[in-house]
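Data first, discussion second: the structure below is written as structure tokens.
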Amino acid sequence: MGIGTVLLLIVAAGVLGTVGLYNGLIRKRVETENAWSQIDVQLKRRHDLIPNLVETVKGYAGHESKTLEAVISARNHAVTASAADPATRIAAENALSGTLKSLFALSESYPDLKANQNFLALQEELSSTENRIGFSRQHYNDSVGVYNAAIQSFPANLLAGSFNFKPATFYQLAEAEKQAVQEAPRVSF
Amino acid sequence: MNQPTLAPATFQTLIAANKRRSGFLVVAMLGLAALAGAVIPTALLGQVSPAAMIGGALLAVALGGFGALIGYYKGASIVMAVSGATPLNPADDRELQNVVEEIAIAAGVAPPKIYLIDDSAPNAFATGRDPRHAAIAVTTGLRSKLNREELQAVIAHEFGHIVNYDIRLMMITAVLAGAIVLLCDFFWRALRFGGPRGRSDRKSGGAAQVVFLVLALALALLAPVVAKLVQLAVSRQREFLADATSVRLTRNPNGLVTALLKLSSDPDPLEAANRATEHLYIVSPTRKLTDANRDSIWSTHPPINKRIQRIRALLD
């Protein structure tokens, strides 16, 4: 084997390795983007469910108009905030979560409402949506962690600099909420 | 700098090992089939013929390869059918459907198909060839005996098997072990029923009987291979890692602990499980109560108390 062939092989291996690294980084970045849009999907799902819920509750507890109006206005505020910057948006969604909690707390004192099949179904869908929102944020943060670690480790960091891979930002929770959420457990074997 | 934990490396090594073992299993089984295909013509003809041996080996590999393809693409449906599982209509059980979709979001994969097994024993398993073609089966007993939090933990454990590619290796094992058990059964039965007839018609019955005897003995020799196969698929590490993945997805170790305690203390045996599929389940469907905590190299699952100990350790 001539020296030329050896050099060619080394260059080929280098090119292949670089392509693999680059594709890996792209894949991880796309994953964070997908995870971010999943949060949007779930927030939208919550916006769509709320008018139905309010209608159902109205039939049993129409005089609790203050709570119902608070939910509606928080929901509408959150819908308009969808186009705003992330910080405004997160604040609006958190406010909506708060009003929803008080709505479900209120339903506890209306046995007829709690027995209503439609209400039960909506309650299941909404609590599932709350879980989905939480899990989509968690997945977003997990994938940001993976991506950020990847672009900072050697030798990918050399590539990341020249191909403009910027660290992604974590989804920050409100201070009060932050305390309620557990740290991700460290897993080691 | 962000401190990456040890976990991703561990999971990635496991995934690579799972894919490698899956491939190895298929190649090894094809090799065994080729060997059988080469030996059988010699036994039949009573003489060594290279042409027949090569032809037999090629035929066996072609048949085995065909079987492997069916197993790979249709294995999940086969395992579901054998386990008596029927597809869930999403409208019938919104809660189960929602829990699965929630965990799919947490894991960042497409929601798998959901199947129900009509059995009062609480248990669950996942199967399929990759995360995009996965299926989860739960028993009706699991649905009625666990609360939402515990159900979520069990489903997340199954997602652990899905994202770690345990499902591919375990499915191939189930299909292969099932095929060997089935064939073994078939030849022993043929041998038994062929017996009396052979005596009345010695000439033609005799030759067939010898063939069946040879095949039956060969397959009986394969029985330890079946055991080895199941062992290959079953590593304690796999169950521990799926438990760890469950906690990583739900951030809720307590749900998994109480679910495992409920599952392992339930006295009902699972009727639909057999030797070929028992390693798929979250808790062993055959060993119950006192057995659940005994540690043995023959058990398909690690003892429950050890699993709980490890899950609790994740809290610190």
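Line by line, the protein sequences are chains U and C. Taking the working numbering, I'd label the letters of the first sequence as residues 288 to 476. Taking the working numbering, I'd label the letters of the second sequence as residues 7 to 322. Built from N, CA and C at the ideal position, the CB exists for glycine as well.
Look up residue 131(C) in the DSSP assignment and say whether it is helix, strand or coil. Looking at residue 131(C) - three-state DSSP - the assignment turns out to be strand.
Given residue 168(C), which residues of its chain have a CB within under 6 Å of its CB, disregarding the five upstream and five downstream residues? These residues qualify, in order along the chain: 132, 137 and 140.
Is residue 261(C) buried or exposed, if buried means 16 or more other CB atoms sit within 10 Å of its CB? So residue 261(C) counts as buried.
Whole-angstrom distance between residue 172(C) and residue 71(C), CA atom to CA atom: It is roughly 22 Å from the alpha-carbon of residue 71(C) to the alpha-carbon of residue 172(C).
Cutoff 7 Å; reference residue 21(C); Cβ partners in own chain excluding five residues on either side: Non-local C-beta neighbours of residue 21(C) in its own chain, meaning closer than 7 Å and more than five positions away in sequence, comprise 170 and 171, ordered along the chain.
Should the segment 250 to 266 of chain C be called in touch with the segment 89 to 96 of chain C, which here means at least 3 C-beta pairs below 8 Å? No, they do not touch.
Using CA coordinates, which residue listed in 320(C), 45(C), 313(C) and 276(C) is at the minimum distance from residue 128(C)? It is 276(C).
Going by DSSP in three states, residue 283(C) sits in which element: helix, strand or coil? Residue 283(C): coil per DSSP, three-state reduction.
Option nearest residue 250(C) by Cα separation, candidates 81(C), 35(C), 317(C) and 36(C): If we check each option's Cα against that of residue 250(C), 317(C) comes out closest.
Can you grab the Cα-Cα spacing for the pair residue 202(C) / residue 97(C), in whole Å? Confidence in residue 202(C) is poor, its pLDDT being 46 and thus under 50, which makes the residue's placement too unreliable to answer from.
State the Cα-Cα distance for the pair residue 23(C) and residue 285(C), rounded to the nearest angstrom. Taking the straight line from one Cα to the other gives about 18 Å.
With a cut-off of 8 Å, does the C-beta of residue 155(C) fall near any C-beta of chain U? Chain U, which has no Cβ nearer than 8 Å to the Cβ of residue 155(C), makes this no.
Beta bridge counterpart(s) of residue 93(C) as assigned by DSSP: Paired residues: 121(C).
Proximal residues to residue 39(C) (C-beta, below 8 Å), its chain only, five neighbours per side dropped: Non-local C-beta neighbours of residue 39(C) in its own chain, meaning closer than 8 Å and more than five positions away in sequence, comprise 66, 67, 69 and 70, ordered along the chain.
Buried or exposed: where does residue 452(U) fall if 16 or more other Cβ atoms within 10 Å of its Cβ makes it buried? By the C-beta density criterion, residue 452(U) is buried, having at least 16 other C-beta atoms within 10 angstroms.
Under 7 Å Cβ-Cβ, which residues of chain U neighbour residue 260(C)? Within 7 Å Cβ-Cβ: nothing; residue 260(C) doesn't reach chain U, min ~11 Å.
To be precise: take each residue of the segment 321 to 336 of chain U, compare its Cβ to all Cβ atoms of chain C, and keep it if any distance is under 8 Å. Which residues remain? Against chain C - using a Cβ distance shorter than 8 Å - the residues of the segment 321 to 336 of chain U are 321, 322, 325 and 329.
Whose CA, out of 125(C), 105(C) and 126(C), lies closest to the CA of residue 118(C)? The option with the nearest alpha carbon to residue 118(C) is 105(C).
Please report the straight-line C-alpha distance between residue 108(C) and residue 306(U), rounded to a whole angstrom. Whole-angstrom Cα-Cα distance: 35 Å.
Rounded straight-line distance, which links the Cα of residue 423(U) to that of residue 112(C): Cα to Cα, the separation comes out at about 6 Å.
Outcome for residue 380(U) when other beta-carbon atoms lying within 10 angstroms are tallied against a minimum of 16: Counting the other Cβ atoms within 10 Å of the Cβ of residue 380(U) gives 16 or more, which makes it buried.
Range covered by the alpha helix (DSSP H) that runs through residue 146(C): Unbroken alpha helix (DSSP H) run through residue 146(C): 146 to 151.
State yes or no: is the beta carbon of residue 100(C) nearer than 8 Å to at least one beta carbon in chain U? Yes, its Cβ sits closer than 8 Å to a Cβ of chain U.
Is there a Cβ from chain U that is less than 8 Å from the Cβ of residue 23(C)? Chain U contact via Cβ: absent.
Please compile the residues from chain U whose C-beta is within a distance smaller than 7 Å of the C-beta of residue 112(C). Within 7 Å Cβ-Cβ: 422, 425 and 426.
Residue 58(C) versus residue 46(C) - alpha carbon distance: Our two residues, residue 58(C) and residue 46(C), have alpha carbons roughly 9 Å apart in a direct line.
To the nearest angstrom, how far is it from the Cα of residue 99(C) to the Cα of residue 265(C)? Their backbone Cα atoms lie some 20 Å apart in a straight line.
Using a Cβ-Cβ distance cut-off of 8 Å, determine whether residue 419(U) contacts chain C. Answer yes: the Cβ-Cβ gap between residue 419(U) and chain C drops below 8 Å somewhere.
Minimum C-alpha distance to residue 228(C) - residue among 242(C), 217(C), 248(C) and 183(C): Taking residue 228(C) as reference, the option from 242(C), 217(C), 248(C) and 183(C) with the minimal CA-CA separation is 183(C).
If we count the other Cβ atoms within 10 Å of its Cβ and call it buried at 16 or more, is residue 163(C) buried or exposed? Its Cβ being crowded by 16 or more others within 10 Å, residue 163(C) is buried.
Using a Cβ-Cβ cut-off of less than 8 Å, give me the residues of the segment 103 to 134 of chain C that come near chain U, in sequence order. Against chain U - using a Cβ distance shorter than 8 Å - the residues of the segment 103 to 134 of chain C are 104, 105, 107, 108, 109, 111, 112, 113 and 114.
Please report the distance separating the alpha-carbon of residue 82(C) from that of residue 367(U). Rounded to whole angstroms, the separation of the alpha carbons of residue 367(U) and residue 82(C) is 45 Å.
For the segment 394 to 415 of chain U, which residues have a beta carbon sitting closer than 9 Å to at least one beta carbon of chain C? Correct list: 408, 411, 412, 414 and 415.
I'd like the list of long-range same chain contacts for residue 334(U), defined as Cβ closer than 7 Å, with 5 residues on each side in sequence excluded. The beta carbon of residue 334(U) sits closer than 7 Å to those of 362, 365 and 366, all from its chain and outside the five residues before and after it, given in chain order.
Residue 149(C) to residue 110(C) span [Cα, whole Å]: Their backbone Cα atoms lie some 19 Å apart in a straight line.
Chain-ordered neighbours of residue 352(U) on chain C, where CB pairs are closer than 8 Å: Those within 8 Å of residue 352(U) in chain C number zero; the least Cβ separation is about 29 Å.
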